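If you're matching positions, the sequence shown starts at 618 in this note's numbering and goes up one per residue. Yeah, the Cβ is synthetic: ideal placement off N, Cα and C, and Gly gets one too. Being a predicted model, the structure only gives us computed values, none of them experimental. To keep things clear, I will list the structure first and then write my remarks on it.
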Amino acid sequence: MVFFRQSLALAALFLTHTASALNDLSSRAQSSTDLCGDYANLILPNTPWIVYNMLYNAARIVGTQCTNYDGVTTSDIGTKEVLWSSVTNIDYVESTNNVPKGYSFVGLTQNLETKLSVIESIPAAYSWTRTNTTDFKGAIPPVPNPMFYIDHLSEQEIFASTL
């Protein structure tokens, strides 16, 4: 059984404690890039962000995952947005069920010394579209729970779960 997932994520990331770093986001553009390696990543120049394609236990994965960086834009309300997508096509293998995992994300590379206890809020917004041709096992971050695990749900059930 092939699990296929394509997600398009528009992550509007802005952090109050990194406001000074965000002012210089557009000084040098990074071209679109496909990240397909086990721990492939791209540090975005003049930003506090990194785009990451991570395959945990990659040697046991039958299939592929690529994270595609498309660019940094500015929204209508002035926030900087990282445009990226991920395409995963991994075969289900009974003997390695739940062992290999693929992660695709945008993370921070600056101000990491800040203690969590002093952060009062982290304003962020995100939008995504998910399509799949079969049931799948995965995790998505709906509101209010920061990480919500899904086990073999259909596409319609996913959207219902995240509303």
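Rounded to whole angstroms, Cys653 and Gly719 show a C-alpha spacing of 11 angstroms. Judged by DSSP secondary structure, Cys683 falls within the beta strand (DSSP E) whose first and last residues are 680-691. Pairing Leu725 with Tyr686 gives a Cβ-Cβ distance that is not under 8 angstroms. Counting only residues of its own chain and dropping the five nearest sequence neighbours on each side, Ile678 has a CB closer than 7 angstroms to the CB of Leu672, Ile707, Pro717.
Look at Val710 here: in three-state DSSP terms it is coil, with no helix or strand label. Ser648 sits in coil when the DSSP states are folded into three classes, being neither helix nor strand. Collapsing the DSSP output to three states places Leu729 in coil. Contact between Val668 and Thr684 is confirmed by a C-beta separation of about 6 angstroms, below the 8 angstroms threshold. Thr696 and Val723 have their C-alpha atoms spaced approximately 16 angstroms apart. With contacts defined as CB atoms closer than 8 angstroms, Ser721 and Ser703 qualify as a contacting pair. Beyond the five residues adjoining it in sequence on each side, Asp655 comes within less than 6 angstroms, by CB distance, of Leu672, Ala675 in the same chain, given in chain order.
Looking at the backbone, the Cα of Glu711 and that of Ile694 are separated by about 47 angstroms. Residue burial is scored here from C-beta neighbours: Val689 has at least 16 other C-beta atoms within 10 angstroms and is therefore classed as buried.
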